[in-house]
Amino acid sequence: MAAAKATGVAAAATSAVFRSNQELTRLARSGQLAAARRLFDEMPHRNTVSYNAMLSALARHGRLADARRLFDEIPRRNLVSWNAMIAACSDHGRVADARELFDAMPARDDFSWTLMVSCYARAGELKLARETLDRIPGKKCTACYNAMISGYAKNGRFDDAVTLLREMPAPDIVSWNSVLVGLTRNEKIVRAAQFFDEMPQRDMVSWNLMLEGYVRAGDLNAAAGLFERVPSPNVVSWVTLLNGYCRAGRIGEARELFDRMPERNVVSWNVMLGGYLRLSHMDEAYRLFSEMPDKNSISWTTMISALVRAGKLQEAKDMLNKMPFDSFAAKTALMHGYLQSKMIDDARHIFDALEVRDAVCWNTMISGYVHCGMLDEAMVLFQQMPNKDMVSWNTLIAGYAQDGQMRKAVGIFRKMNQRNAVSWNSVISGFVQNGLCFEALQYFLLMRRDAKMADWSTYASCLSACADLAALQVGRQFHSLLVRSGYISDSFAGNSLISAYAKCGRILEARQIFDEMAGQDIVSWNALIDGYASNGRGTEAISVFREMEANGVRPDEVTFVGVLSACSHAGLIDEGLRFFNSMTKEYSLQPVAEHYACMVDLLGRAGRLSEAFKLVQGMQIQPNAGVWGALLGACRVHKNDELAQFAAEKLFELEPRKTSNYVLLSNISAESGKWDAAENMRTLIKERGVHKPPGLAGST
DNA sequence: TATGCGTAGT
Numbered sequence: 001m002a003a004a005k006a007t008g009v010a011a012a013a014t015s016a017v018f019r020s021n022q023e024l025t026r027l028a029r030s031g032q033l034a035a036a037r038r039l040f041d042e043m044p045h046r047n048t049v050s051y052n053a054m055l056s057a058l059a060r061h062g063r064l065a066d067a068r069r070l071f072d073e074i075p076r077r078n079l080v081s082w083n084a085m086i087a088a089c090s091d092h093g094r095v096a097d098a099r100e101l102f103d104a105m106p107a108r109d110d111f112s113w114t115l116m117v118s119c120y121a122r123a124g125e126l127k128l129a130r131e132t133l134d135r136i137p138g139k140k141c142t143a144c145y146n147a148m149i150s151g152y153a154k155n156g157r158f159d160d161a162v163t164l165l166r167e168m169p170a171p172d173i174v175s176w177n178s179v180l181v182g183l184t185r186n187e188k189i190v191r192a193a194q195f196f197d198e199m200p201q202r203d204m205v206s207w208n209l210m211l212e213g214y215v216r217a218g219d220l221n222a223a224a225g226l227f228e229r230v231p232s233p234n235v236v237s238w239v240t241l242l243n244g245y246c247r248a249g250r251i252g253e254a255r256e257l258f259d260r261m262p263e264r265n266v267v268s269w270n271v272m273l274g275g276y277l278r279l280s281h282m283d284e285a286y287r288l289f290s291e292m293p294d295k296n297s298i299s300w301t302t303m304i305s306a307l308v309r310a311g312k313l314q315e316a317k318d319m320l321n322k323m324p325f326d327s328f329a330a331k332t333a334l335m336h337g338y339l340q341s342k343m344i345d346d347a348r349h350i351f352d353a354l355e356v357r358d359a360v361c362w363n364t365m366i367s368g369y370v371h372c373g374m375l376d377e378a379m380v381l382f383q384q385m386p387n388k389d390m391v392s393w394n395t396l397i398a399g400y401a402q403d404g405q406m407r408k409a410v411g412i413f414r415k416m417n418q419r420n421a422v423s424w425n426s427v428i429s430g431f432v433q434n435g436l437c438f439e440a441l442q443y444f445l446l447m448r449r450d451a452k453m454a455d456w457s458t459y460a461s462c463l464s465a466c467a468d469l470a471a472l473q474v475g476r477q478f479h480s481l482l483v484r485s486g487y488i489s490d491s492f493a494g495n496s497l498i499s500a501y502a503k504c505g506r507i508l509e510a511r512q513i514f515d516e517m518a519g520q521d522i523v524s525w526n527a528l529i530d531g532y533a534s535n536g537r538g539t540e541a542i543s544v545f546r547e548m549e550a551n552g553v554r555p556d557e558v559t560f561v562g563v564l565s566a567c568s569h570a571g572l573i574d575e576g577l578r579f580f581n582s583m584t585k586e587y588s589l590q591p592v593a594e595h596y597a598c599m600v601d602l603l604g605r606a607g608r609l610s611e612a613f614k615l616v617q618g619m620q621i622q623p624n625a626g627v628w629g630a631l632l633g634a635c636r637v638h639k640n641d642e643l644a645q646f647a648a649e650k651l652f653e654l655e656p657r658k659t660s661n662y663v664l665l666s667n668i669s670a671e672s673g674k675w676d677a678a679e680n681m682r683t684l685i686k687e688r689g690v691h692k693p694p695g696l697a698g699s700t
């Protein structure tokens, strides 16, 4: 009697656990992690299945560390617990951790082997994946062959994939589809179509993959034709074609298809929404969003990201607050938006509230501080960051370098255990930008000794250093290094050579490089025009501009900086004014501060100071230091003390720490006999603690 | 009821 009662109680408890486990899985699968966790914590009895379900739920939501903690707490781990933990590591790209678990587990089944093969294959470690497959004792399951085939195919090794497909004992539809997906994702559409025709069996996945292949190849007609032949298209087939029309901007046809769909799910709605948002059809998007029968976190994120991109940060924030989900993507999108608008406090607010932060997130916030010139804050955050990656270090180095603090940049660089090309290039280009060209070249030599990782960017910086030093012979050496390294065929390299030769006064050699280039791009033309302009050959610069137009290359903003400065150097006032006007009228380019600086310089040289000043006052954008500097320079030549004083004040506001501005104004005062003013200026320099930027003496 | 290989949306 008592025994029967006890058995009954135990059975009731078991079925209660069973039911709770079902609910736990349901919550986890519908994305309700917090609710799942609450249920799990409140369960009076848990079995291994409960732990395994919770572990997978945590892993699926990016909480790898929590999943691992739970794994370590499981009282009676079974094979599924080990497999689930390996899957979690694999999904997060933690190959070494997966391998460690795999080696430590007490027994292995088909799942374990398939997971390990898949883990290596997804990490691109095809050799290790194959070794694992070959090590499987006894009969291998179909899934593990398929994992290997998928690995080969996704990495473009189609022959290996097909060979294994032929060798395996019992290929199934997944095996065939695994090859097909490799072909379609790698844009091998012709071979994919051929393979598709030869497949002994096809299911909906095969048809949908082929559809996707045509969409990716941009062949919407072929996709639509195939769609007509799909025996009974399912919602994925419809969505694939719909997405094709949306991505191609063919929104009318997309909407027609959407309206014709026999069944729509949240994905169909999201694709249609994305189509409108891609084209900035905000009204349509809002209408669709309000009509959606259900919205998931992707629907909200799509909408919020679009608002962020459109610069509507307040609307994006309001929407984020209304969102009933917790979406990392939506929050980080808004954070990005804030950082781009330099709203650093709002960005930091989101960052601090994030429950999970990945390296990208930390690096974004750090580079946000750098972007706002708040280097101390960037450094503090960098020091707090738990797992710094190369990007974190490089961001900080570039930040200090661009701020002129080369001593700090180098200090951080030297603390790095490992460096990549970006680390070296940040330091080298930092030296060049700060006028420390010898140091740049010195570091190039160190880089060659440490590792041969120089790329076109390295050479571009070094060539620029040579140009600034007018070190023609060293420049020629870089030219030959560039030839030997093979980067010469890169248009970036060719363009930096053009600039270097031009800056060394060798405009003919610059022209020769230009003529020998395989394909001149807009940057090449700009470099040549600027080269002629800075060599005082304004007329020739303008004729290169004409040549460029004749070649059908459309000038951009940079082109006009070169052209306007050419006019300025050559004293072609009316020509310059005409170009400045044609920029907006003919080419719909909005002038930026640099163009205004050129125009001020142009008018200033001709003594037309009041016109220059009027131009500055009429600017649609805030004049920068270059503009005021140009005006100040012109005032000096033409002895206009009053305007000089005004321009200088503006300049001091913008660049309070730049000595040369103070010196320039002091000289203007002195030249016009105002010795008191000159003396005052020198005192001001001392008072404001303005000093020359520190060099690197002693730190290398 | 929990873990593996192939298809759609940020």
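Numbering-wise, full-length UniProt numbering puts 98 at position 98 of the first sequence, and it's gapless, one number per residue. Using N, Cα and C, we set each Cβ at its ideal position, and we do this for glycine too. The structure presented is a predicted model; accordingly, all values stated were derived computationally and were not measured.
Rounded separation between Asn208 and Gln22 - CA only: 32 angstroms
Buried or exposed, going by whether 16 or more other CB atoms sit within 10 Å of the CB of Phe18? exposed
Classify Val380 as buried or exposed, calling it buried when 16 or more other Cβ atoms lie within 10 Å of its own Cβ. exposed
Using alpha carbons as the reference points, say which of Pro200, Arg357 and Thr301 lies closest to Arg170. A quick correction: the sequence has Ala, not Arg, at residue 170. Ala170 has its Cα closest to that of Pro200, out of Pro200, Arg357 and Thr301.
With burial defined as no fewer than 16 other Cβ atoms inside 10 Å of the residue's Cβ, what is the status of Glu509: buried or exposed? buried
Quick check on Tyr338: does DSSP put it in helix, strand or coil? In the three-state reduction of the DSSP assignment, Tyr338 falls in the helix class.
Cβ-based burial, Leu339 [other Cβ within 10 Å; buried from 16]: It is buried - the Cβ of Leu339 has at least 16 other Cβ atoms within 10 Å.
Just to confirm, is the Cβ distance from Lys529 to Asp556 under 8 angstroms? It is worth fixing the name first, because residue 529 is Ile in this sequence and not Lys. Contact flag unset, no.
Is the region 369-385 close to the region 81-92, with three or more CB pairs under 8 angstroms? No, they do not touch.
Would you decide whether Gly531 is buried or exposed? Buried here means 16 or more other CB atoms lie within 10 Å of its CB. buried
Own chain residues within Cβ distance below 7 angstroms of Gln622, not counting five before or after: none
From Ala153 to Phe444, what distance separates their C-alpha atoms? 40 angstroms
With Glu355 as the anchor, note down where its alpha helix (DSSP H) starts and where it stops. Unbroken run through Glu355: none, as it is neither H nor E.
Just the C-alpha distance for Val558 and Ser568, rounded to the nearest angstrom, thanks. C-alpha of Val558 to C-alpha of Ser568: approximately 15 angstroms in a straight line.
Thinking Val230 and Asn265 are a contact (beta carbons under 8 angstroms), I'd like their distance in whole angstroms, please. Rounded, the Cβ-Cβ distance is 18 angstroms, inconsistent with contact.
Quick check: the region 622-638 against the region 603-613, are there 3 or more CB pairs under 8 angstroms? The region 622-638 and the region 603-613 touch, with no fewer than 3 CB-CB distances between them shorter than 8 angstroms.
Looking at the unbroken alpha helix (DSSP H) that takes in Phe71, where does it start and where does it end? Leu64 to Glu73
Arg419: buried (16+ other C-beta within 10 angstroms of its C-beta) or exposed? buried
Output needed for residue 703: all residues of its chain with C-beta closer than 8 angstroms, excluding positions within five of it in sequence on either side, in chain order. Residue 703 lies beyond the range of the chain shown here (1 to 700); nothing can be said about it.
My output table needs one value for Lys503: the three-state DSSP class, helix, strand or coil. helix
Closer than 7 angstroms: is that where the CB of Asp134 sits relative to any heavy atom of the ligand GTP? For the ligand GTP, the structure offers nothing, since it holds no ligand at all.
Buried versus exposed call for Leu279 [16 or more other C-beta atoms within 10 Å across all chains shown]: If you draw a 10 Å sphere on the C-beta of Leu279, you find fewer than 16 other C-beta atoms in it, and that means exposed.
Ile136, DSSP secondary structure in three states: In the structure shown, Ile136 falls within a coil segment according to DSSP collapsed to helix, strand and coil.
Out of curiosity, what's the CA-to-CA distance linking Ala401 and Cys372? 14 angstroms
For the alpha helix (DSSP H) holding Arg546, just list the boundary residues, first then last. Gly538 to Ala550 is the extent of the alpha helix (DSSP H) around Arg546.
Close Cβ partners of Gly562 (< 7 angstroms) along its chain, the five nearest in sequence each way excluded: Excluding residues within five positions, the ones whose Cβ falls inside 7 angstroms are Asn526, Ile529, Asp530, Ala533 and Ala541.
Residues in its own chain within less than 6 angstroms of Ser565 by CB, not counting five upstream and five downstream? Ala533 and Cys598
Phe158 versus Glu198: straight-line alpha-carbon distance, rounded: Here the alpha carbon of Phe158 sits roughly 15 angstroms from the alpha carbon of Glu198.
What residue range is occupied by the uninterrupted alpha helix (DSSP H) comprising Glu256? Ile251 to Arg260
Compare the C-alpha of Ser588 against each of Glu594, Asp574 and Phe560 and name the closest. Phe560
Apply the 10 Å Cβ neighbour rule to Gln617 and answer buried if 16 or more other Cβ atoms are within range, or exposed otherwise. exposed
Between the CA atoms of Ala34 and Asn387 - distance to the nearest angstrom: 26 angstroms
Using C-beta distances below 6 angstroms, list every residue in its chain close to Gly607, excluding the 5 sequence neighbours before and after it, in chain order. His638
Express the C-alpha separation of Cys141 and Trp456 in angstroms, rounding to a whole number. 48 angstroms
Which of helix, strand or coil DSSP assigns to His45: coil
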